[in-house]
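Peer 1: Residues in the sequence shown are numbered consecutively from 256, following my numbering. No residue lacks a Cβ here, since even glycine has one placed at the ideal position from N, Cα and C.
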Amino acid sequence: MKKIILFLAAMLFCCCSADNEVIAQTTMDKIYITIGGQTQSVTLVNNTATQELVAALQDASITVTLNDNDFEIWGSLGRSLTTKNEQMTAQPGDVVLYNGSNICIFYDSNSWSYTRLGHIDGLSESELRTFLKAGQNNISVTLSLTSGTTAIKSVNGNRLENGEYYSLNAVKVGNPSKGIYVKNGKKVIL
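#1: Can you tell me whether Ala-304 is buried or exposed, with buried defined as 16 or more other CB within 10 angstroms of its CB?
#2: Just the Cα atoms here: how many angstroms apart are Ile-278 and Leu-312?
#3: In angstroms with no decimal places, state the Cα-to-Cα distance between Ile-394 and Tyr-421.
#4: Sorted by chain position, which residues of the same chain lie with C-beta nearer than 8 Å to Asn-357's C-beta, five sequence neighbours on each side aside?
#5: Between the beta-carbon of Pro-347 and the beta-carbon of Ser-364, is there less than 9 Å?
#6: I want to check one thing, is the minimum distance from the CB of Lys-427 to the heavy atoms of the ligand COA below 8 Å?
#7: Could you check the C-alpha separation between Val-297 and Tyr-436 for me, to the nearest Å?
#8: Grab me the residues of Thr-289's own chain with a C-beta within less than 6 Å of its C-beta, minus the 5 sequence neighbours each way, in chain order.
#9: Which residue wins for smallest C-alpha separation from Ile-375, given the options Glu-327, Thr-318, Glu-419, Arg-334?
#10: Determine the extent of the alpha helix (DSSP H) in which Val-309 is found, giving its start and end residues.
#11: Whole beta strand (DSSP E) runs in the segment 320-392 with 3 or more residues, listed along the chain?
#12: What's the C-alpha gap between Lys-438 and Asp-314?
#13: Quickly, what does DSSP pair Leu-398 with across the bridge? List them, please.
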């Protein structure tokens, strides 16, 4: 038991710097789809296509125009991703890549050869039809890494080293108490 505690303490020490800065590795397993002011999360599968999509979304959100096809909304993603097509029957809520550069989001089922990207979380078939605007065309769809509710959109580079603390929603904090903040461009835990 003593060895386990020492090991855990060593791991904690290795992950934290002298000023309590935490170094964390995260995996991106979710993206967000926004349509008509509503946002839903998508749980991603782990493949090369989703890794490339997440990398592109780290630079900026992607907005595409999709059209209805009687069982899905689909259209050009505006870029090509690596495919790993497999014959499947897509189900309502599935998000797939077709022909390497088209994104398809299903509100019904269809069998074809796709590269699986993920699945929209927690919506029934009728809720999916409403959210995806089934039956309509020219649907503006934004893909992003944040739900849009609280996120730092940009950082002024010449202010990164000023030693000030900022909350995670980019508000300057004069006297920070315990919590997670941004200081000198890095997350810190007090």
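Peer 2: Quick look at the numbers:
#1: Per the 10 Å Cβ criterion, buried.
#2: Low confidence applies here, because Ile-278 scores a pLDDT of 31, under 50, leaving its location unreliable; read the following figure in that light. Using only the alpha carbons, I get a separation of about 22 Å.
#3: Our two residues, Ile-394 and Tyr-421, have alpha carbons roughly 37 Å apart in a direct line.
#4: Excluding the 5 residues flanking it on each side, Asn-357 has same chain C-beta neighbours closer than 8 Å at Trp-329, Gly-330, Ser-331, Leu-332, in chain order.
#5: Annotated as proximal: Pro-347 and Ser-364, with beta-carbon spacing under 9 Å.
#6: This structure lacks the ligand COA, and indeed carries no ligand of any kind.
#7: For Val-297 and Tyr-436, the gap between their C-alpha atoms comes out near 27 Å.
#8: For Thr-289, where only same-chain residues beyond five positions count, the Cβ hits under 6 Å are Thr-397.
#9: Closest by alpha carbon: Glu-327.
#10: Looking at the DSSP string, the run of the alpha helix (DSSP H) that includes Val-309 is 303-314.
#11: Whole beta strand (DSSP E) segments, 3+ residues: 327-331, 341-345, 349-353, 357-361, 365-375.
#12: If I take the Cα positions, the gap works out to 22 Å.
#13: Bridge partners of Leu-398 according to DSSP: Ile-288, Ile-317.
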